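J.: First residue of the sequence shown? That's 38 in the working numbering, and the numbers climb one at a time after it.
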Amino acid sequence: MSEQTEAIDIKKKILATGIRVGTQVKTKFMKPFITKASPEGLYMLDLDITLEKIKAAAKFINRLGTDKLIVCSGRQYAETPIEKFCEMLDSKKLIGRFMPGTLTNPSLPYYIEPKLVLISDPQVDEQAITEATNAGIPVIGIANTDNITSKLDVIIPANNRGRKALATVYWLLVRQILIERGELKEDESMKYEIDDFETKITEEEIE
Numbered sequence: 038m039s040e041q042t043e044a045i046d047i048k049k050k051i052l053a054t055g056i057r058v059g060t061q062v063k064t065k066f067m068k069p070f071i072t073k074a075s076p077e078g079l080y081m082l083d084l085d086i087t088l089e090k091i092k093a094a095a096k097f098i099n100r101l102g103t104d105k106l107i108v109c110s111g112r113q114y115a116e117t118p119i120e121k122f123c124e125m126l127d128s129k130k131l132i133g134r135f136m137p138g139t140l141t142n143p144s145l146p147y148y149i150e151p152k153l154v155l156i157s158d159p160q161v162d163e164q165a166i167t168e169a170t171n172a173g174i175p176v177i178g179i180a181n182t183d184n185i186t187s188k189l190d191v192i193i194p195a196n197n198r199g200r201k202a203l204a205t206v207y208w209l210l211v212r213q214i215l216i217e218r219g220e221l222k223e224d225e226s227m228k229y230e231i232d233d234f235e236t237k238i239t240e241e242e243i244e
């Protein structure tokens, strides 16, 4: 299968996940990644750019090593995607509240020194971004149309609110990392599908 055909197939697979659906707000930081507004007033992200940025993020992660990466998020829908990502790539996960001093205070028992940080939402994961920046650690972030991304080193423009969308971003990133490593062929299936990366919770559980 050619690279172009593979790209088309991937697009078909992920379009229905809402990965490119943004919010009704756009920041100056995210403007370059937006194509149009939907009839409902939601800004839509450019899927081609999203896929390009995922490739860039995968190269960056592989260069520093997945075992030197921490993946963190306080967003509930990011839990299962992060669990699966770390299971497959041997990265460290920090789910839930990001404890102050995790990256900046060596005297704390939970202090860690990663080479790279991956976050799911610049707003929700602001503490992690701030500490990583202060410690000189690069940050990769999944950002929606309304996010401020001034402290991110690599931006992955995508819907970071929806369950299926977040699952898709992490699935794509794992897939691309494995392809870059030569551990997965472009036309080869992974061990898990997008659905396996999705956090399964009900509205009652959220409340």
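For glycine and all other residues, C-beta sits at the position ideal for the given N, C-alpha and C. Please read these numbers as outputs of a predicted model, since none were measured by experiment.
Within the chosen definition, does the region 89 to 104 reach the region 186 to 204 through at least 3 CB pairs nearer than 8 Å?
T.: The region 89 to 104 is in contact with the region 186 to 204.
J.: Specify the secondary structure class of isoleucine 243 as computed by DSSP and reduced to three states.
T.: The count along the sequence shown starts at 1 and reaches residue 243 at position 206. Caution applies to isoleucine 243, whose pLDDT of 48 falls short of 50 and renders its modelled position unreliable; the value that the coordinates give is listed next. Of the three classes helix, strand and coil, the one that applies to isoleucine 243 here is helix, per DSSP.
J.: Applying the criterion that 16 or more other CB atoms from any shown protein chain within 10 Å of the CB defines a buried residue, is lysine 121 buried or exposed?
T.: On the sequence shown, position 84 is the one that residue 121 refers to. Classification for lysine 121: buried.
J.: With DSSP run on the structure shown, which of helix, strand or coil describes valine 206?
T.: Locating residue 206 in the sequence shown gives position 169, where the first residue counts as 1. Of the three classes helix, strand and coil, the one that applies to valine 206 here is helix, per DSSP.
J.: Straight-line CA distance for leucine 79 to alanine 204?
T.: Numbered from its first residue, the sequence shown carries residue 79 at position 42. Numbered from its first residue, the sequence shown carries residue 204 at position 167. Spanning the two alpha carbons is a distance of roughly 21 Å.
J.: Using three-state DSSP, classify threonine 49 as helix, strand or coil.
T.: Within the sequence shown, the letter at position 12 stands for residue 49. Correcting the residue type first, residue 49 is lysine in the shown sequence and not threonine. Lysine 49 falls in the helix class under three-state DSSP.
J.: If you count every other CB in all the chains shown that lies within 10 Å of the CB of isoleucine 238, and 16 or more means buried, which is it?
T.: The residue you call residue 238 lines up with position 201 of the sequence shown. By the neighbour-count rule (16 or more Cβ atoms within 10 Å), isoleucine 238 is not buried but exposed.
J.: Starting from serine 110, follow its DSSP beta bridges and name the residues at the other end.
T.: Within the sequence shown, residue 110 is the residue found at index 73, counting from 1. Answer by DSSP bridge pairing, in chain order: Ile132.
J.: For proline 175, does the three-state DSSP call read helix, strand or coil?
T.: By one-based count along the sequence shown, residue 175 stands at place 138. Of the three classes helix, strand and coil, the one that applies to proline 175 here is coil, per DSSP.
J.: Can you pull the DSSP bridge partners for isoleucine 71?
T.: What you label residue 71 is simply residue 34 of the sequence shown in a count that begins at 1. According to DSSP, which records beta bridges pairwise, isoleucine 71 is partnered with Leu82.
J.: Within 10 Å of its beta-carbon, does glutamate 260 have 16 or more other beta-carbons around it, so buried, or fewer, so exposed?
T.: Since the first residue shown for the chain is 38 and the last is 244, residue 260 is missing from the structure and cannot be characterised.
J.: How would you write the range of the beta strand (DSSP E) that proline 137 sits in, first residue to last?
T.: Position 100 of the sequence shown, counted from the first residue, corresponds to residue 137. Looking at the DSSP string, proline 137 is not in any beta strand (DSSP E), and its letter there is neither H nor E.
J.: Could you spell out the range, first to last residue, of the beta strand (DSSP E) harbouring isoleucine 156?
T.: Residue mapping note: residue 156 aligns to position 119 of the sequence shown, counting from 1. From DSSP, the beta strand (DSSP E) with isoleucine 156 extends over 153 to 156.
J.: For valine 191, which three-state DSSP category applies?
T.: Taking the sequence shown and counting its residues from 1, the one referred to as residue 191 is at position 154. Three-state result, valine 191: strand.
J.: What does valine 58 pair with, by DSSP beta-bridge criteria?
T.: On the sequence shown, position 21 is the one that residue 58 refers to. DSSP output for valine 58 lists Met81 as bridge partner(s).
J.: Can you name the start and end residues of the alpha helix (DSSP H) that threonine 103 belongs to?
T.: Residue numbering aside, residue 103 sits at position 66 when the sequence shown is read from its first letter. Careful: threonine 103 lies outside any alpha helix (DSSP H) and carries neither H nor E.
J.: Using the C-alpha atoms, what's the distance from arginine 200 back to isoleucine 98?
T.: By 1-based counting over the sequence shown, the position of residue 98 is 61. By 1-based counting over the sequence shown, the position of residue 200 is 163. Looking at the two C-alpha atoms, the distance is approximately 23 Å.
J.: Am I right that serine 110 and serine 187 are in contact with their C-beta atoms under 8 Å? What's the rounded C-beta distance?
T.: Looking up residue 110 in the sequence shown gives position 73. Looking up residue 187 in the sequence shown gives position 150. In fact, because the Cβ distance is near 19 Å, the residues do not count as touching under 8 Å.
J.: Write down the C-beta distance between alanine 169 and valine 154 rounded to the nearest angstrom, noting that I regard them as a contact closer than 8 Å.
T.: The count along the sequence shown starts at 1 and reaches residue 169 at position 132. The count along the sequence shown starts at 1 and reaches residue 154 at position 117. So it is a contact: roughly 4 Å between Cβ atoms.
J.: Our contact map puts glycine 55 next to alanine 202 with C-beta atoms below 8 Å; I'd like the distance itself, whole angstroms only.
T.: Locating residue 55 in the sequence shown gives position 18, counting from the first residue. Locating residue 202 in the sequence shown gives position 165, counting from the first residue. Yes, they are in contact, since the Cβ atoms of glycine 55 and alanine 202 sit about 5 Å apart, within 8 Å.
J.: Please state whether the Cβ-Cβ distance between leucine 82 and threonine 182 is less than 8 Å.
T.: Translated into positions along the sequence shown, residue 82 becomes position 45. Translated into positions along the sequence shown, residue 182 becomes position 145. Yes; because the gap between Cβ atoms is below 8 Å, this pair is in contact.
J.: Tell me the residue span of the alpha helix (DSSP H) that contains methionine 125.
T.: Along the sequence shown, read from residue 1 onward, the residue named residue 125 stands at position 88. 116 to 126 is the span of the alpha helix (DSSP H), which, as asked, contains methionine 125.
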